[in-house]
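Residue numbers (the UniProt record's numbering), protein chains in the order written: chain A, 1 to 192; chain B, 1 to 192.
Glycine is no exception: its CB is placed at the ideal position from the N, C-alpha and C atoms.
Being a predicted model, the structure only gives us computed values, none of them experimental.
2 protein chains.
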Amino acid sequence: MSEPSARLTRAQQRRRSEDRILAAARRIFAELGYDRTTIRAVASAAGVDAGLVMHYFGSKDLLFARASEAPADELPGGTSDEVAEALLTSLGRRLTEEPTASLAVLRSMLTNADAADRYRAAGEPQLKHLTEAIPTPDADLRASLLSAIVHGVLAERYLLRLTNLADASPEQIVDLLRPCFQSLATPPPTAE
Amino acid sequence: MSEPSARLTRAQQRRRSEDRILAAARRIFAELGYDRTTIRAVASAAGVDAGLVMHYFGSKDLLFARASEAPADELPGGTSDEVAEALLTSLGRRLTEEPTASLAVLRSMLTNADAADRYRAAGEPQLKHLTEAIPTPDADLRASLLSAIVHGVLAERYLLRLTNLADASPEQIVDLLRPCFQSLATPPPTAE
DNA sequence: ACCCTCGGTCAACGGCCGTAGAATGAACCG
DNA sequence: CGGTTCATTCTACGGCCGTTGACCGAGGGT
Numbered sequence: 001m002s003e004p005s006a007r008l009t010r011a012q013q014r015r016r017s018e019d020r021i022l023a024a025a026r027r028i029f030a031e032l033g034y035d036r037t038t039i040r041a042v043a044s045a046a047g048v049d050a051g052l053v054m055h056y057f058g059s060k061d062l063l064f065a066r067a068s069e070a071p072a073d074e075l076p077g078g079t080s081d082e083v084a085e086a087l088l089t090s091l092g093r094r095l096t097e098e099p100t101a102s103l104a105v106l107r108s109m110l111t112n113a114d115a116a117d118r119y120r121a122a123g124e125p126q127l128k129h130l131t132e133a134i135p136t137p138d139a140d141l142r143a144s145l146l147s148a149i150v151h152g153v154l155a156e157r158y159l160l161r162l163t164n165l166a167d168a169s170p171e172q173i174v175d176l177l178r179p180c181f182q183s184l185a186t187p188p189p190t191a192e
Numbered sequence: 001m002s003e004p005s006a007r008l009t010r011a012q013q014r015r016r017s018e019d020r021i022l023a024a025a026r027r028i029f030a031e032l033g034y035d036r037t038t039i040r041a042v043a044s045a046a047g048v049d050a051g052l053v054m055h056y057f058g059s060k061d062l063l064f065a066r067a068s069e070a071p072a073d074e075l076p077g078g079t080s081d082e083v084a085e086a087l088l089t090s091l092g093r094r095l096t097e098e099p100t101a102s103l104a105v106l107r108s109m110l111t112n113a114d115a116a117d118r119y120r121a122a123g124e125p126q127l128k129h130l131t132e133a134i135p136t137p138d139a140d141l142r143a144s145l146l147s148a149i150v151h152g153v154l155a156e157r158y159l160l161r162l163t164n165l166a167d168a169s170p171e172q173i174v175d176l177l178r179p180c181f182q183s184l185a186t187p188p189p190t191a192e
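Right, dumping it as structure tokens:
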């Protein structure tokens, strides 16, 4: 009996507004970073008043926290080769479907302590995972280098939009990086 | 008759103040990035008034431009192997002596268009150089990946200070990255 | 029909920032 | 010594921002 178009219950209204605010926040945080993003701009992009954003999310920090929530990729365990391939697959996916929420963190991490913490927290389990799979004493450094490479590529492709990286196909990037990842994940087979 | 300690000519005074302002600006821009750095903070760290900074440098943008001037590394030409090794050497040097001026750019490039342009401009000749030395059709992409790796490592070591990367010795990092760089700089010897 | 609830707006405050311009006093030059 | 230059400081303006609290009006339960 309810009209299919207009009428919304209060809960629906609220949810719709919150979703629109979060979507706008993710987009703008990812585009401008934490500092240059203003609550007023987010509100305006979401079609609401700035006061409403405060009302629902409490503060700019909390809004950023909510907007940058992103499920971390689960890397399956296994040999170092398998983990390297899994990391490549994860990178390939992130090169295919632009991960706006994690881009917000990536964009802001160099100038905002909260975002930096969030970045560390998101990367830590993956780092631990990688470290455990790499059978060398310097496993932790190797894992960190792998992480640095992944994020360096993502940053230059999506944030800096360096044309070479932005135009390349995910497969091409992944294929070029494969030997790179393998050399870091596995001890050199040359000496034995 | 001039005291060895105190008396300074006007030109000396000016030069001393400009140098102190530039040094403070480099440090703070590198630490906080463009946006969070205030002229007042730079002036205070340099022991002068904010008006003086404006008087000498004209604007915050111009101050940033002056503070982030850094001579680019010249990469010698040669085979792809040699260029890869030269890039590694350059990275090793930047891991040994912290390059404050380029850290200011690195810190700010994700949130400031000027810094992003400066970053592109600084990297472009090196990229061209790398591209010319790599004998594959996808040389430009390979060069960009190499650049992304270098800057990813620098950012995580100096800006994010991820402990694994911050504690490692430059030699260790360079050695681990060598096969990585070689695999990107040279076509795979497997297929032939 | 009543009234409480609550989504939403509006106007304002206090703070920090980049920047401009007047004022001061010492260094320089004749 | 007198006047000019110039390094330096002080004060203030206008703007943007995060945040607040009063206010409005339409649900929605009873």
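#### Entry: Cutoff 7 Å: D49(B) Cβ touching any chain A Cβ
Counting from 1 along the second sequence, the entry for residue 49(B) is found at position 49. No, D49(B) lies away from the interface with chain A (no Cβ there is under 7 Å from its Cβ).
### For I134(B) and S80(B), believed in contact at Cβ under 8 Å, the rounded distance
Taking the second sequence and counting its residues from 1, one reaches residue 80(B) at position 80. Taking the second sequence and counting its residues from 1, one reaches residue 134(B) at position 134. That belief holds up - the Cβ atoms of S80(B) and I134(B) are roughly 5 Å apart, short of 8 Å.
### Query
Does DSSP put M54(A) in a helix, a strand or coil?
Position 54 of the first sequence holds residue 54(A). Looking at M54(A) - three-state DSSP - the assignment turns out to be helix.
### Distance CB(H151(A))-CB(G152(B)) smaller than 7 Å
Position 151 of the first sequence holds residue 151(A). Position 152 of the second sequence holds residue 152(B). Going by C-beta atoms, H151(A) is nearer than 7 Å to G152(B).
### Message
Please report the distance separating the alpha-carbon of residue 200(B) from that of T9(A).
### Response
Because chain B is modelled from 1 through 192, residue 200(B) falls outside the range shown and cannot be assessed.
### Query
Taking the runs of the alpha helix (DSSP H) that are 4 residues or longer, which of them lie wholly in the region 97-174 of chain A?
The region 97-174 of chain A contains these whole alpha helix (DSSP H) runs: 100-108, 113-133, 139-154, 163-167.
### Task
Please report the residue range of the alpha helix (DSSP H) in which S59(B) lies.
Counting from 1 along the second sequence, the entry for residue 59(B) is found at position 59. Taken as a continuous stretch (DSSP letters only), S59(B) belongs to no alpha helix (DSSP H), as it is neither H nor E.
### Task
Could you tell me whether the region 161-175 of chain B touches the region 65-77 of chain B, where touching means 3 or more Cβ pairs closer than 8 Å?
With a cut-off of 8 Å, the region 65-77 of chain B and the region 161-175 of chain B do not count as touching, because too few Cβ pairs lie within range.
### Query
Going by alpha carbons, who is nearest to A23(A) out of A11(A), A148(A), G47(A)?
Your numbering for residue 23(A) matches position 23 in the first sequence. Distance check between A23(A) and each of A11(A), A148(A), G47(A) places G47(A) closest, using alpha-carbon atoms only.
### C-alpha gap between D114(B) and Y56(A), whole angstroms
Position 114 of the second sequence, counted from the start, is the residue given in the question as residue 114(B). Position 56 of the first sequence, counted from the start, is the residue given in the question as residue 56(A). Each residue's Cα considered, the two are about 35 Å apart.
### Message
For R66(B), tell me which candidate among A168(B), T96(B), A101(B) has the shortest Cα-Cα distance.
### Response
By 1-based counting over the second sequence, the position of residue 66(B) is 66. By alpha-carbon distance to R66(B), the top candidate from A168(B), T96(B), A101(B) is A101(B).
#### Entry: Coarse secondary structure for L8(A), derived from DSSP in three states
As a working mapping, residue 8(A) is identified with position 8 in the first sequence. L8(A) sits in coil when the DSSP states are folded into three classes, being neither helix nor strand.
### Message
Quick check: is the beta carbon of T89(B) nearer than 7 Å to any beta carbon in chain A?
### Response
As a first step, residue 89(B) must be located in the second sequence, where it is residue number 89. Residue-level contact by beta carbon fails for T89(B) and chain A, as no gap is shorter than 7 Å.
### Message
Can you give me the C-alpha to C-alpha distance between K60(A) and R107(A), rounded to a whole angstrom?
### Response
Stepping through the first sequence from its first residue, residue 60(A) is reached at position 60. Stepping through the first sequence from its first residue, residue 107(A) is reached at position 107. K60(A) and R107(A): Cα-Cα distance of roughly 16 Å.
### Where Q172(B) meets chain A, residues with beta-carbon distance less than 8 Å
As a working note, residue 172(B) is residue 172 in the second sequence. The contacting residues are D138, L141.
### Task
Please report the residue range of the alpha helix (DSSP H) in which V42(A) lies.
As a working note, residue 42(A) is residue 42 in the first sequence. Counting along the chain, the unbroken alpha helix (DSSP H) around V42(A) starts and ends at 39-46.
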